[in-house]
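A quick write-up on the structure given underneath.
Residue numbers (this note's numbering): 301 to 561.
What follows is the structure, given as structure tokens:
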């Protein structure tokens, strides 16, 4: 099975739960994302890997037009239903493969954003380059995603239990690697922030509809991590329930003009 097939399979199965997950629907968090990007009022915005469309719809009141694109039909149906219910006329959603060439012209958008999807791409550097391509010169490209440890062995441990829980997970990148990819795409960082988001492990597993066998292996790895500090996720028991912390980075970059040598 190709990785894109795994993504479709996972996000078809997870669509309803993902669309209502606390970290995804958090209104305050969405507000902060829009605020840190600070789009111009007349901006055309593209959200790559829009899923159920919460980010796209959060940008809609601030911008002229918003387009959301995603590989999987199930979350797009949820996004379109919510768009219709909210009466948002300046948002549209479309199906498309964001790891191939995006179906948009060079420089078509003023802002291009991607939230919580880089760690699902088999070729994240290519996706970031495509995001930069369709962004206007001096426009903004923003990425919010999970980040892993700068220490390779710790990052590998973290990504291993994430892949057990969700087969569409490829790798959460170290902050330095994410910054390198954005720099290689001709982007310059103008603003960034990071924070932690603590989540119960039981909720994390349930949301992905993980098979019992894979869930047991993932749980065992997180429990070992709690004892030995192996990943940087800092698992801890609170009132007898195991939690760990997602580390999340939000980077806003500006597209530079191509250099003529």
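For every residue, glycine included, the Cβ atom is placed at its ideal position computed from N, Cα and C.
Query, Result
"Whole-angstrom distance between residue 553 and residue 316, CA atom to CA atom", "32 Å"
"Per-residue burial, residue 597 [other beta carbons within 10 Å of its own, 16 or more giving buried]", "This structure cannot speak to residue 597, because the chain is shown only from 301 to 561."
"In DSSP terms, what residue 445 is bridged to", "549"
"Cβ-based burial, residue 451 [other Cβ within 10 Å; buried from 16]", "exposed"
"Nearest to residue 339 (by Cα), restricted to the options 460, 423, 500, 410", "410"
"Span of the alpha helix (DSSP H) around residue 370", "Per DSSP, residue 370 belongs to no alpha helix (DSSP H); it is in the beta strand (DSSP E), 365 to 370."
"Sufficient close CB pairs (3 or more, under 8 Å) joining the stretch 347 to 361 to the stretch 388 to 398", "yes"
"Residue interval of the beta strand (DSSP E) (run including residue 329)", "That residue, residue 329, is in no beta strand (DSSP E); its alpha helix (DSSP H) goes 327 to 337."
"Cβ-based neighbour list, residue 541, same chain, cut-off 6 Å, excluding 5 preceding and 5 following", "500"
"Opposing strand residues paired with residue 473 [DSSP bridges]", "447"
"Close beta carbons around residue 347, own chain, < 6 Å, minus the five adjacent residues each side", "355, 356, 368, 413"
"Contact under 7 Å by Cβ, residue 538 with residue 495", "no"
"Beta-carbon proximity check, residue 428 vs residue 482, cutoff 7 Å", "yes"
"Own chain, CB closer than 8 Å to residue 318, minus 5 neighbours either side, in chain order", "311, 324, 351, 352, 375, 507"
"Opening and closing residue of the alpha helix (DSSP H) in which residue 312 lies", "303 to 313"
"Span separating the alpha-carbon of residue 513 from that of residue 465", "10 Å"
"Counterpart residues of residue 489 in DSSP-defined beta bridges", "553"
"Buried versus exposed call for residue 344 [16 or more other C-beta atoms within 10 Å across all chains shown]", "buried"
"Simplified DSSP assignment, three categories, for residue 543", "strand"
"Distance between residue 365 and residue 331 (C-alpha atoms, nearest Å)", "17 Å"
"Nearest to residue 492 (by Cα), restricted to the options 520, 437, 328, 336", "336"
"Where residue 388 falls: helix, strand or coil (DSSP)", "coil"
"N- and C-terminal bounds of the beta strand (DSSP E) containing residue 273", "Coverage of the chain is limited to positions 301 through 561, which leaves residue 273 absent and any answer about it impossible."
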